[in-house]
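Have a look at the structure below before the remarks.
Numbering (my numbering), first residue to last: 9 to 159.
Given below as structure tokens:
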């Protein structure tokens, strides 16, 4: 499993999940994929299937109607995995935090490794957060490899 996980660390695949937002952060996530920002230079590819993903990018506010879907997407991603919460809504609930149907942050539902604040988060900040997430992913891969060798 070490070779596969090491390969995953060198060319991670990300899946983007929008919990429900104004689409400001979603547009900025898409901007990261354009030639101007070119997130693929880090070996990162955007995919649509969480079963093949390494990194989960979450935008928007979580509410009781989509928390189960978010948890389901998270559980489909194989270990090791990294979650990046993008934007104020994903980090804390944003301007909707005091609404009765808003869960104040993705971390109340699933573990989050990296927070990218902003409304909307800039593409540079998103790329910074994803690269930081990749460092955490590499640490998780090394930890899994040590655990596998130790057995």
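Note that the Cβ used here is the ideal one computed from N, Cα and C, for glycine as well. As the structure is a prediction and not an experimental result, all values here were calculated from the model.
Residue j beta carbon less than 8 Å from that of residue i
{"i": "residue 118", "j": "residue 79", "result": "yes"}
{"i": "residue 53", "j": "residue 81", "result": "no"}
{"i": "residue 131", "j": "residue 39", "result": "yes"}
{"i": "residue 33", "j": "residue 94", "result": "yes"}
{"i": "residue 145", "j": "residue 88", "result": "yes"}
Which listed residue (the options) has its alpha carbon closest to that of residue i
{"i": "residue 96", "options": "82, 115, 85", "result": "115"}
{"i": "residue 99", "options": "112, 38, 31", "result": "112"}
{"i": "residue 106", "options": "157, 50, 70, 149", "result": "70"}
{"i": "residue 109", "options": "73, 87, 147", "result": "73"}
Within-8 Å CB hit, residue i to chain C
{"i": "residue 59", "result": "Among the protein chains of the structure shown there is no chain C, as only one such chain exists."}
Euclidean distance between Cα positions of residue i and residue j
{"i": "residue 83", "j": "residue 43", "result": "32 Å"}
{"i": "residue 128", "j": "residue 155", "result": "39 Å"}
{"i": "residue 58", "j": "residue 23", "result": "6 Å"}
{"i": "residue 120", "j": "residue 91", "result": "5 Å"}
{"i": "residue 30", "j": "residue 157", "result": "46 Å"}
{"i": "residue 152", "j": "residue 19", "result": "17 Å"}
{"i": "residue 37", "j": "residue 25", "result": "11 Å"}
{"i": "residue 49", "j": "residue 21", "result": "13 Å"}
{"i": "residue 75", "j": "residue 124", "result": "20 Å"}
{"i": "residue 68", "j": "residue 135", "result": "18 Å"}
{"i": "residue 104", "j": "residue 66", "result": "16 Å"}
{"i": "residue 41", "j": "residue 143", "result": "20 Å"}
CB-CB length for residue i against residue j, believed under 8 Å
{"i": "residue 126", "j": "residue 133", "result": "6 Å"}
{"i": "residue 138", "j": "residue 47", "result": "7 Å"}
Outcome for residue i when other beta-carbon atoms lying within 10 angstroms are tallied against a minimum of 16
{"i": "residue 101", "result": "buried"}
{"i": "residue 51", "result": "exposed"}
{"i": "residue 35", "result": "exposed"}
{"i": "residue 77", "result": "exposed"}
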